[in-house]
Amino acid sequence: MNMTAASEPVFKSIFGNDWQKLPRVFHRHYACRAGTIDTAACEGVMEIRTSWLGRILAPLFYLSGTLVPYAGENIRATVRFESAVKGGKHGIVFDRVFYFPGKKPYRFRSVMLPAGGNEMIEHTRLGLGWRAAFVWTGDKIDMRHRGYTLNIFGTSLPLPVEWLMGRGNASETAIDDNRFAMTMDITHPLWGRVFGYSGIFTMTEDAAA
26 MNMTAASEPV
36 FKSIFGNDWQ
46 KLPRVFHRHY
56 ACRAGTIDTA
66 ACEGVMEIRT
76 SWLGRILAPL
86 FYLSGTLVPY
96 AGENIRATVR
106 FESAVKGGKH
116 GIVFDRVFYF
126 PGKKPYRFRS
136 VMLPAGGNEM
146 IEHTRLGLGW
156 RAAFVWTGDK
166 IDMRHRGYTL
176 NIFGTSLPLP
186 VEWLMGRGNA
196 SETAIDDNRF
206 AMTMDITHPL
216 WGRVFGYSGI
226 FTMTEDAAA
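Taken in order, the sequence shown gives residues 26 to 234; the numbers are from this note's numbering.
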């Protein structure tokens with residue numbers, strides 16, 4: 026189990042020895058510390074893609090507060106990061122807002138909590154979760170699919186729904202000290218890409234030093 030010391034970035038223990046190798050923009054991106062009320066923020070423009078299966082699943086995305094139920098290009102998005110504690114674990118809240126033309130802003134709020142080693146579980150509304158390993162490859166951060174989960178009474182149980190949802194993977198690449206590019210795709214073994222988004226983000230607020 027990861028033991029993140031108070032006042033150290035939550036993600037420092039996730040990346041381990043690779044933490045010091047991360048580009049500065051990622052130190053800013055993942056700066057929120059355990060045991061604090063740190064906040065940070067970024068803003069970007071995104072392309073959001075969905076397939077016929079993604080469109081079928083869109084009502085589930087909407088009801089569960091997971092992912093984004095619409096597609097579009099040049100979609101402005103903001104993300105606010107907040108230190109958090111849930112179930113005795115130090116984590117980070119990701120509070121995302123997507124601004125689609127002609128629609129009410131769509132909010133997608135989740136909390137990432139350590140799950141052992143270099144893995145985190147992103148918990149969303151209704152107890153659904155995505156488990157991923159965070160890996161620094163030397164030129165980008167990969168978030169590699171390790172399964173879906175369902176939180177029941179504080180315990181994250183494996184939820185084997187890859188046959189329906191596909192597998193999620195994401196990556197982030199530093200552009201400079203202020204900007205990073207990100208991409209995320211959910212790919213089904215039979216139907217190909219179900220859902221995906223990509224964009225370039227600029228840090229707009231730093232956590233307190």
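Beta carbons are placed, not taken as given, at the ideal position from N, Cα and C, and that holds for glycine.
Anyone know if the C-beta pair for residue i and residue j falls short of 7 Å?
{"i": "F133", "j": "R121", "result": "yes"}
{"i": "V93", "j": "F119", "result": "no"}
{"i": "T64", "j": "E107", "result": "yes"}
{"i": "S196", "j": "D167", "result": "yes"}
{"i": "S181", "j": "I146", "result": "yes"}
How is residue i classed by DSSP in three states: helix, strand or coil?
{"i": "P84", "result": "helix"}
{"i": "L235", "result": "This structure cannot speak to residue 235, because the chain is shown only from 26 to 234."}
{"i": "S38", "result": "helix"}
{"i": "D167", "result": "strand"}
{"i": "F51", "result": "helix"}
{"i": "S32", "result": "coil"}
{"i": "N27", "result": "Low confidence applies to N27: its pLDDT is 44, below 50, so where it sits in the model is not reliable enough to give any reading."}
{"i": "S89", "result": "helix"}
{"i": "D202", "result": "coil"}
{"i": "G97", "result": "strand"}
{"i": "G69", "result": "strand"}
{"i": "G79", "result": "helix"}
{"i": "K128", "result": "coil"}
{"i": "W161", "result": "strand"}
{"i": "D43", "result": "helix"}
For residue i, which of the options has the nearest alpha-carbon?
{"i": "G221", "options": "V70, G193, V50", "result": "G193"}
{"i": "G179", "options": "G154, L189, N203", "result": "G154"}
{"i": "P214", "options": "A157, M228, L189, A102", "result": "L189"}
{"i": "F159", "options": "S32, P34, D43", "result": "D43"}
{"i": "D201", "options": "I39, F51, Q45", "result": "F51"}
{"i": "T212", "options": "F106, R105, W77", "result": "W77"}
{"i": "K129", "options": "Y87, E144, G116", "result": "Y87"}
{"i": "A59", "options": "G217, K111, G97", "result": "K111"}
{"i": "E144", "options": "F205, E33, V35, I39", "result": "I39"}
{"i": "M209", "options": "F36, W216, G191", "result": "G191"}
Tell me, to the nearest whole angstrom, how far the beta carbon of residue i is from that of residue j; I am working on the premise that it is less than 8 Å.
{"i": "G142", "j": "N176", "result": "Not confirmed; about 19 Å, so no contact."}
- Would you check if there are 3 or more beta carbon pairs closer than 8 Å linking the segment 60 to 71 to the segment 85 to 104? yes
- Three-pair Cβ contact test at 8 Å for the segment 82 to 92 versus the segment 226 to 234: no
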